[in-house]
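Protein sequence lines correspond, in order, to chains A and B.
Going letter by letter, the first sequence gives residues 0 to 331 in numbering that gives the first Met the number 0.
Going letter by letter, the second sequence gives residues 0 to 78 in numbering that gives the first Met the number 0.
Reading through the structure tokens given below for one structure.
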Amino acid sequence: MTARDLQPGIADIAVYLPEATVDDDEIKRRFGFDQKFLDEKLGIHSRHIAASDETVADMAVAAGARLFERGSIDRERIDLVLLCTQNPDYRLPTTANLVQDRLGLSTACAALDINQGCSGFVYGLSVVRGMMASEGLSSALLITSEAYSKVMNPDDRNTVPLFGDGAAATLITAGGTGHIGQSRFGSDGSGADVLIVRGGGGRYPNRLPVGEDGLFMNGRAVFEFMMKRVPRNVTECLAANELSADEVDLFVFHQASLFMVSSLTRALKLPPDKVPFVLADGGNTVSSTLPMALERIGGCRSLAGKTVLLSGFGVGLSWASTVIRFSEMSKK
Amino acid sequence: MSDTVAALARILDEKFEVQQKAGAESSFDGLGLDSLDVINFLYSVEEELGVKVPDEDLVTHDIETIGALANYIDARNSD
Chain A
0 MTARDLQPGI ADIAVYLPEA TVDDDEIKRR FGFDQKFLDE KLGIHSRHIA ASDETVADMA
60 VAAGARLFER GSIDRERIDL VLLCTQNPDY RLPTTANLVQ DRLGLSTACA ALDINQGCSG
120 FVYGLSVVRG MMASEGLSSA LLITSEAYSK VMNPDDRNTV PLFGDGAAAT LITAGGTGHI
180 GQSRFGSDGS GADVLIVRGG GGRYPNRLPV GEDGLFMNGR AVFEFMMKRV PRNVTECLAA
240 NELSADEVDL FVFHQASLFM VSSLTRALKL PPDKVPFVLA DGGNTVSSTL PMALERIGGC
300 RSLAGKTVLL SGFGVGLSWA STVIRFSEMS KK
Chain B
0 MSDTVAALAR ILDEKFEVQQ KAGAESSFDG LGLDSLDVIN FLYSVEEELG VKVPDEDLVT
60 HDIETIGALA NYIDARNSD
């Protein structure tokens, strides 16, 4: 049996969160929120912030190194590293190339970035699954790494309380126990302006000071987008995987905030105990919230035998859902 | 109570744990709605009553009470 004969599946997840944190006391002091609002609406109590000299690549390497340290796989066996980020270390080269070198991966390893936000983990799973199947690859790292703290306006009460920095390294192997199912995607670029950093790209090459051109988020528009697009996408994903909602053990939604996850839960009429919100420590880490949530729930071992629907949505506007069927783990 | 106020009160009653029975004089603050509750409420209003209330109109039309919101909706519907 070759790698082509085995379904790509999630085998392990490792997480890196920077050391410095912004806790609720600081958020209340800076922005005047009360604790009830922080508890009941944001559900986020601690946001980790990358050091001034700590980049997306640094965090990606740290997360990847943790996978190797725990003996999940020999690094020489990695055939592909896919890095999802919207804040690359340089305009070029691709940050995944930097990560390949610093993790000591083989030079036969494929490496590329995808630029996507909160939907990036699901998109990334699909890309990895496709490349593994088409090219007969046996092992891949999907690393999501984001440092929105470097592009946020520090005085913006709409974004600072929500977003945190961090990285997750997901090991996907031919035969991994978290079988990646069918995905359903969506895009609506007409909503680009509701969540945007304008400077530093081709349109406005020179970065403006973050006070003038920080991350802009229209929270109401993002909420309405989620309510209009995501329930249908989840329903379509269930149908594509020939599942009813009852047959899904957990719905792991992008952990944008407790308010967003709760609203989506009600819109889909899901039992709340099937919809975890587990990133009170960490916050909205963009493309990393889904793998971080899976890891915090207990990873592949805890999820053995369970069917999980993942749904990521946000900047773009972009959305994507998939199903992971975790098989029972063999007893060693 | 006008039909629109009654409809808004029904939405609040069905979907939000408001602190008191809503009427025309009820303010969002007085009903215990925070900024995210208001976003959620206006979304439900758009879905059920077909009228979107842009952020800027909340300010320029001083929409701080259920009655003010009902008047705004009625004016939009008569355009």
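The beta carbon of each residue, even a glycine, is placed where N, CA and C say it ideally should be.
- By alpha-carbon distance to residue 181(A), the top candidate from 163(A), 22(A), 324(A), 84(A) is 324(A).
- Rounded to whole angstroms, the separation of the alpha carbons of residue 124(A) and residue 77(A) is 15 Å.
- Around the C-beta of residue 298(A), 16 or more other C-beta atoms lie within 10 Å, and the residue is accordingly described as buried.
- Here residue 15(A) has 58, 61, 62, 65, 165, 166 as same chain residues with Cβ atoms under 7 Å from its own Cβ, once five neighbours each way along the sequence are excluded.
- According to the DSSP secondary-structure assignment, residue 183(A) is paired through a beta bridge with 320(A).
- For residue 313(A), not one C-beta of chain B is nearer than 9 Å to its own C-beta.
- Counting only Cβ-Cβ distances below 7 Å, residue 72(B) has no contacts in chain A at all, with the closest Cβ about 17 Å away.
- In this structure, residue 52(B) sits near residue 45(B), with a CB-CB distance shorter than 9 Å.
- For residue 108(A), the three-state secondary structure derived from DSSP is coil.
- Each of 257(A), 249(A), 144(A), 29(A) was checked against the Cα of residue 13(A), and the nearest Cα belongs to 144(A).
- Going by C-alpha positions, residue 172(A) is about 29 Å away from residue 280(A).
- Taking 9 Å as the CB threshold, residue 61(B) stays off the interface with chain A.
- Those residues of the region 22–52 of chain B placed with their C-beta closer than 7 Å to a C-beta in chain A are 33, 35, 38, 39, 42, ordered along the chain.
- Judged by beta-carbon spacing, residue 309(A) lies within the 9 Å limit of residue 120(A), meaning their Cβ atoms are closer than that value.
- Residues of chain A with a Cβ closer than 7 Å to the Cβ of residue 54(B) are, in chain order, 219.
- Ranked by how close their Cα comes to the Cα of residue 39(B), the residues 2(B), 75(B), 1(B), 10(B) have 10(B) in first place.
- Closest in alpha carbon position to residue 71(A), among 36(A), 226(A), 11(A), is 11(A).
- Below the 7 Å Cβ cutoff, chain B contributes no neighbours of residue 317(A), its closest Cβ being approximately 20 Å away.
- Within the region 102–177 of chain A, complete alpha helix (DSSP H) segments of at least 4 residues are found at 119–134, given in chain order.
- From the beta-carbon of residue 222(A), the residues of chain B found nearer than 9 Å are 35, 38, 39, 42.
- Within the same chain, 56, 88 come within 7 Å of residue 97(A) by CB-CB distance, once the 5 residues on both sides are set aside.
- Secondary structure at residue 69(A): coil, using DSSP grouped into helix, strand and coil.
- With the criterion set as a beta carbon lying under 7 Å from some beta carbon of chain B, the members of the region 231–265 of chain A are 258, 262, in sequence order.
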